[in-house]
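Notes follow the structure.
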Amino acid sequence: MIELDAVTKRYGDKTPVDHLSLRIPDNAITILIGPSGCGKTTTLKMINRLIEPTGGDIRIDGRSVYAMDPIELRRSIGYVIQEIGLFPHYTVEGNIGVVPGLLGWDRTRIRRRAEELLELVNLDPLTYLRRYPRELSGGERQRVGVARALAADPRVLLMDEPFGAIDPINRRSLQDFFLRLQSELKRTVVFVTHDISEAVKLGDRIAIMRDGRLVQVDATHALLEHPADAFVEDLLGAARSAEQLLLYRAANYVDTAFTVMTTEELHRSGVRAEAPLIILKDGAVVSGYVEKGQLVTCEDPQDAVCRFETVSGNATLLETVATLLESGRKRAVVQSPDGTILGTLSVPMIAEIMAKVAR
Amino acid sequence: MNAFQYLSRNWPEVSAKIAQHLGMVGVAVVASLIVGLVLGIVVSRPRLQKVGRAIIGVTGIAQSIPSVAVIALMFVYTGIGPRTAVIALSIYGVVPILFNVSSALLLVPADILEAARGMGMTPFQVLIQIELPLASQSIMAGLRTAVTIDVSTATVASVVGAGGLGDIIFVGLSAVRPDMIIAGTLLVASIAILSDVVLAFLQKSVVSRGLSIPS
Amino acid sequence: MVGTFIAGYGAEMLRRTLQHISMVGVALVLAASIGVSLGVVISGHERVARWVIGAASVLFTVPSLALFALLVVALAPIRQGTGRVPAITALTLYSVLPIVRNTWVALRQVDPSTVQAAQGMGMTPGQVMLHVKLPLALPLIMAGIRNAAVMGVGMATIATLIGGGGLGYFIFEGIARANRSMVIAGTIAITLLGLAVNGGLLLAEEALMPERRGRGEHRR
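Protein chains in written order, with the numbering used here: chain W, 402 to 760; chain G, 965 to 1179; chain U, 10 to 229.
See the structure below:
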């Protein structure tokens, strides 16, 4: 976990960051967002000490960053900026290998790591290892930039508007790509953006800043449902409209009230009135679900088992609705790529969410 | 007598002149390179950037001063001899090198420097691994210019008794000996062209491929 | 001491300054005509262009004294071996490279869509060159001419050695006579002339092209 403790930055009579305290949880994407000049980039750069604060402390897993050598600190954190800053005189392999090189890895290990990372970001190593940045398209450069930041396998990633310079169409696919990556790698990501749609799409938690101070910080869906004041409402603006909401990730809106049982356990459990939603999972296979309270009305538990649709956690609410309507099923079971069941969604649920959040 | 006869008959003296000429240019270029590089690096550091831009302005103007004038001025202080020429050439050669080194270093894109810092490179590593390689094209060009000017100016330096191939040309001019003139000019021209070709080749091998790919 | 020198030789310095300027001036006009025309001619042909510029670059590398001296020998048969003719010829040959190169690069850099728009309006290639390409390439071409002029002032210093006159006289005579003031006076005069030529041409550029955006200083 990264803890920002009353962090302050002062330049003469300007205070870009004013006693900011924030907890950034592990293995999730925390967004820093706010109007121009709110201090989000300054805050980000204080985490890897590119900017030194005037006051307060920043701790990573309990250790203050000021107790560490800044150079070593930066080598252990991945850093991606908007222009990427790929080194034009190094090949893709050379670029990815920079931090490993600084850390003393040998050439073979670096080459293997570069191949691994290129595959991870969907670029064929054979083609791309020896290319130079000038030969790459914008989207390819961005992906190499992310691969470079991941080279030394850092637990923390700092990203400063990394997709800002890309056109909207490619930005969408880069965002989707990043979500897939994150669900596989599960890093602690601090992500600065000024684009509220991007914030809601990518963020697990959103921290809203203004004039150097924290205005509100919460999980994404909580923030959308309960904006703290008119400023936040305004900022969330279009993100709270019904159409926008449909684009957001299923994983953030699932109904998490369920228990998991095997089919055998279901038959043994008998009739229970207060049974919550039951999801049947035998080994790795999800075979069905039983609606809350349904067990009571059926003689044979097997009759209560319903068929469902599987939906990825990264799918949008819109895709979930479409899948459900097409298949005629009542519920979708939302799973992460590694098979973990995150929860369920139904069309009435989604409609309710939209009603609650929309203006 | 034609030029080739002259050369074959006087080869020992001629080769001595060639050696003198190359020696003068060589020493001067090395000195200019060291001074120009160090000054250029110092002057492009973030805190000294205002000084840096001022120096670039000054060197821009300094390039208006003809090389011959520098030799003449040096003569005023150190008199006759190769030492005068070498000092003058060294000073004069600093100008194109310093200009190229400092302007190229100042042109390194800020985002690349930020990415390098952010990844955990020490300032020294940033200079050696990022800034200098990215400026290498320009630095090599400055070096080539310095060498070309030096070879040319060293020819004229014979008027201050510096020796070198200029001697042959001057004697040829005053004694009206076309064979000497042609011999001298051909030799000097060949050296100039050859050194430029060698440096061009060096430039190609030193500068990273990634920098010359058309975007 | 330098002051007394200038006072004493004032008239002579003025005379030689004018000689110097006229040498460089004539050479510049010739080089500009040749250089720009050549640049225009090769602008459409990549291969020929590289050849021409390559040849001019080689010429440029040859030490100035050598070229001056060669011309002395070459022009001797027609009794033009000394004096202004070989001097101006050499200066012209040197000045051609920066001008041709800048012209060629400048014409290549003209935005293709502007050219296409002009062609679409029905202009002939000649009209496109005259009314669209050259005007747009003018800043860079002028920079090349200015560069050549300043270089020429420096190189003309040597012209005195082959009888071409000019301010170089004071430098070489000063060395021969071990007269420091003479050398210093000559150096200052040439440097000031170089700066004046640079400044003067810059003003002329501003006057001719007030709508130019940015400064586009191209030194090489």
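Built from N, CA and C at the ideal position, the CB exists for glycine as well.
Per-residue burial, residue i [other beta carbons within 10 Å of its own, 16 or more giving buried]
i, result
"W/Tyr533", "buried"
"G/Phe1165", "exposed"
"W/Glu562", "buried"
"U/Glu214", "buried"
"W/Ile448", "buried"
"W/Ile497", "buried"
"G/Glu1095", "buried"
"G/Gly1082", "buried"
"G/Gln1013", "exposed"
"U/Trp113", "buried"
"G/Met965", "exposed"
"G/Pro1010", "exposed"
"W/Ser538", "exposed"
"G/Phe1134", "buried"
"W/Glu599", "buried"
"G/Ile1132", "buried"
Own chain partners of residue i with C-beta closer than 8 Å, once the 5 adjacent residues on each side are dropped
i, result
"W/Val722", "Leu647, Val748 and Ile751"
"U/Leu210", "Met151, Ile154, Arg155 and Ala158"
"U/Arg117", "Ser52"
"W/Glu634", "Pro628 and Arg641"
Contact set for residue i: own chain, Cβ-Cβ below 6 Å, skip 5 residues either direction
i, result
"G/His985", "Ala1118, Gly1128 and Leu1129"
"W/Ser465", "Asp458"
"W/Met560", "Val481 and Phe592"
"W/Glu494", "Ala515 and Leu530"
Beta-bridge pairing of residue i - partner residues as DSSP gives them
i, result
"W/Thr660", "W/Ile679"
"W/Cys707", "W/Tyr690"
"U/Arg24", "In the DSSP output, where bridge partners are listed per residue, U/Arg24 has none listed."
"W/Gln736", "W/Ser713 and W/Ile742"
"W/Asp406", "W/Asp458"
"W/Arg611", "W/Arg614"
"W/Ser747", "W/Arg732"
"W/Gly479", "W/Leu558"
"W/Val590", "W/Ile430 and W/Leu558"
"W/Asp619", "W/Ile607"
Nearest-angstrom Cβ-Cβ length linking residue i and residue j, presumed shorter than 8 Å
i, j, result
"G/Ala1049", "U/Ile180", "Wrong, their Cβ atoms sit about 14 Å apart, outside the cutoff."
"U/Phe69", "U/Leu106", "4 Å"
"W/Leu625", "W/Val601", "7 Å"
"G/Thr1023", "G/Val1059", "5 Å"
"W/Gly604", "W/Thr431", "7 Å"
"W/Gly479", "W/Leu551", "6 Å"
"G/Ile1039", "U/Ile184", "One detail in the question is off: residue 1039 of chain G reads as Phe in this sequence, not Ile. 6 Å between Cβ atoms; contact."
"W/Gly355", "W/Ala652", "Here chain W has residues from 402 to 760 only, and residue 355 of chain W is not among them."
"U/His54", "U/Ala165", "About 33 Å separates the two Cβ atoms, so there is no contact after all."
"G/Leu1158", "G/Ile1145", "So it is not a contact: roughly 20 Å between Cβ atoms."
Rounded separation between residue i and residue j - CA only
i, j, result
"W/Gly684", "W/Ile742", "13 Å"
"W/Thr492", "G/Gly1106", "26 Å"
"G/Ile998", "U/Ser66", "27 Å"
"W/Arg411", "W/Ile597", "27 Å"
"U/Ala172", "U/Leu217", "The sequence given here places Gly at residue 172 of chain U; Ala does not occur at that position. Going by the C-alpha atoms only, they are around 36 Å apart."
"U/Gly177", "G/Gly990", "27 Å"
"W/Asp427", "W/Val618", "15 Å"
"U/Leu84", "G/Thr1149", "15 Å"
"W/Ile485", "G/Ser996", "36 Å"
"W/Glu666", "W/Leu726", "31 Å"
"W/Gly456", "W/Lys441", "16 Å"
"W/Ser642", "W/Leu718", "13 Å"
"W/Arg708", "W/Gly435", "44 Å"
"G/Ala1080", "W/Ala566", "19 Å"
"U/Gly203", "U/Arg110", "22 Å"
"W/Val547", "G/Ser1008", "30 Å"
"W/Ala468", "W/Leu474", "10 Å"
"G/Ala1068", "G/Ala1099", "5 Å"
Cβ shell of residue i (< 7 Å), same chain only, five flanking positions each side left out
i, result
"G/Ile1055", "Val1034"
"W/Leu504", "Arg476 and Ala553"
"W/Ala658", "Pro677 and Leu678"
"G/Ile1029", "none"
"W/Glu543", "Here residue 543 of chain W turns out to be Gln, not Glu, going by the sequence shown. Closer than 7 Å at the Cβ level, and outside the excluded window around W/Gln543, lie Ile485, Pro563, Phe564, Ile567 and Leu575."
"U/Ser41", "For clarity, residue 41 of chain U is Ala in the given sequence; the question names Ser instead. Once the five neighbours on either side are set aside, the close Cβ partners of U/Ala41 are Ile108 and Ile154."
Chain-ordered neighbours of residue i on chain A, where CB pairs are closer than 8 Å
i, result
"G/Pro1097", "Checking the listed chains, one finds no chain A in this structure; the protein chains it contains are W, G and U."
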